[in-house]
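*Asks:* If you scroll down you'll find the structure; I have some questions about it.
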Amino acid sequence: MPLKHLQQLFIKKNWTLSLAESCTGGLIASTLTKLPGSSAYFLGSFVTYCDAMKVDVLGVSDALIKEKTAVSLDVCKQMCMGALKRAKSDFAIAVTGDAGPDGDRVGEVFGAIGGKDSLFVGKIPGLTGLKREEVQQKATDFLLNALYNFVKNNEVPFVKQ
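Note that this note's numbering has the sequence shown beginning at 13, numbered continuously upward.
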């Protein structure tokens, strides 16, 4: 999916988008803003890399992070809901996980796509064994494609929450 198609669809429908990024560190926002005209639909990104920012900025439950860690489906869900609420956008994408390079959970990345009436969350496949930059780029590409398929065809590779 060329990014231009996503942008054109959002502008045509007069929809807005916000992001809550952790392990991608703003890469999704950077990708969106490479195209001129992105300000017509893209409101911004909350790059909440540390747990305290997830709590303070997005309203993620501190107890949930302590119980499940930031690398979890439930935290990703709350990040997405926080972005929707704080930005007052029509749609939001959230991503959290371990991009590496060290640790036993490298490549475990969760994504969420939400709208006013629905929220879908799941693990992004195919990221295990990849280098940090590859994890970030593939997660970005996967989520932007998933968002396009959601708004265009009502298809999402995640489970509805």
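Don't be surprised by glycine CBs; every beta carbon is placed ideally from N, CA and C.
From a predicted model like this one, the values you see are computed outputs, not experimental measurements.
Based on the DSSP secondary-structure assignment, which residues constitute the bridge partners of threonine 45?
*Replies:* Beta-bridge pairing links threonine 45 to no other residue.
*Asks:* Which residues in the same chain have their Cβ closer than 8 Å to the Cβ of phenylalanine 170, if we skip the five residues on either side of it in sequence?
*Replies:* Closer than 8 Å at the Cβ level, and outside the excluded window around phenylalanine 170, lie Gly123, Ala124, Ile125, Phe132, Val133, Gly134, Ala158.
*Asks:* Report the option in Ala41, Tyr53, Thr36, Lys46 whose CA atom is closest to the CA atom of tyrosine 61.
*Replies:* Out of Ala41, Tyr53, Thr36, Lys46, Thr36 has the C-alpha closest to the C-alpha of tyrosine 61.
*Asks:* Could you check which residue in Leu142, Ser101, Lys128 has the C-alpha nearest to that of aspartate 116?
*Replies:* Closest option to aspartate 116, Cα to Cα, is Leu142.
*Asks:* Measuring alpha carbon to alpha carbon, tell me which residue in Phe154, Val147, Asp74, Phe54 is nearest lysine 25.
*Replies:* Checking every option, the nearest Cα to that of lysine 25 belongs to Phe54.
*Asks:* Find out if the Cβ-Cβ distance for the pair serine 101, threonine 28 is shorter than 8 Å.
*Replies:* Taking 8 Å as the Cβ cut-off, serine 101 and threonine 28 qualify as a contacting pair.
*Asks:* Please identify the residue among Val118, Cys92, Phe103 whose C-alpha is closest to the C-alpha of leucine 21.
*Replies:* Nearest C-alpha to leucine 21: Phe103.
*Asks:* Excluding the five sequence neighbours on either side, which residues of its own chain have a C-beta within less than 6 Å of the C-beta of asparagine 161, listed in chain order?
*Replies:* If we look at asparagine 161 and ignore the five residues flanking it on each side, its Cβ neighbours are Glu167.
*Asks:* According to the neighbour-count rule (16 or more other Cβ atoms, all chains shown, within 10 Å of its Cβ), is glycine 138 buried or exposed?
*Replies:* So glycine 138 counts as exposed.
*Asks:* Considering Cα atoms alone, identify which of Ala75, Val87, Gly119, Ile23 is closest to isoleucine 105.
*Replies:* Selected option, being the one with the closest Cα: Val87.
*Asks:* Could you tell me which uninterrupted beta strand (DSSP E) segments, each at least 3 residues in length, are contained entirely in the segment 94 to 138, listed from first to last along the chain?
*Replies:* Correct list: 103 to 109, 121 to 127, 131 to 135.
*Asks:* In the DSSP assignment, find the unbroken beta strand (DSSP E) run with glutamate 167 in it and report its ends.
*Replies:* From DSSP, glutamate 167 is part of no beta strand (DSSP E); its letter is neither H nor E.
*Asks:* Using the Cα positions of proline 113 and alanine 82, report the straight-line distance between them to the nearest angstrom.
*Replies:* So the two alpha carbons sit approximately 17 Å from each other.
*Asks:* Is it true that the CB of threonine 108 sits closer than 8 Å to the CB of serine 57?
*Replies:* Taking 8 Å as the Cβ cut-off, serine 57 and threonine 108 do not qualify as a contacting pair.
*Asks:* Name the DSSP beta bridge partners of isoleucine 57, please?
*Replies:* The question names isoleucine, but residue 57 is serine in the sequence shown. According to DSSP, which records beta bridges pairwise, serine 57 is partnered with Leu31.
*Asks:* Mind reading off the beta-carbon distance from alanine 95 to leucine 31? Whole number of angstroms is fine, and I expect it under 8 Å.
*Replies:* Indeed they touch by this definition, with Cβ atoms about 6 Å apart.
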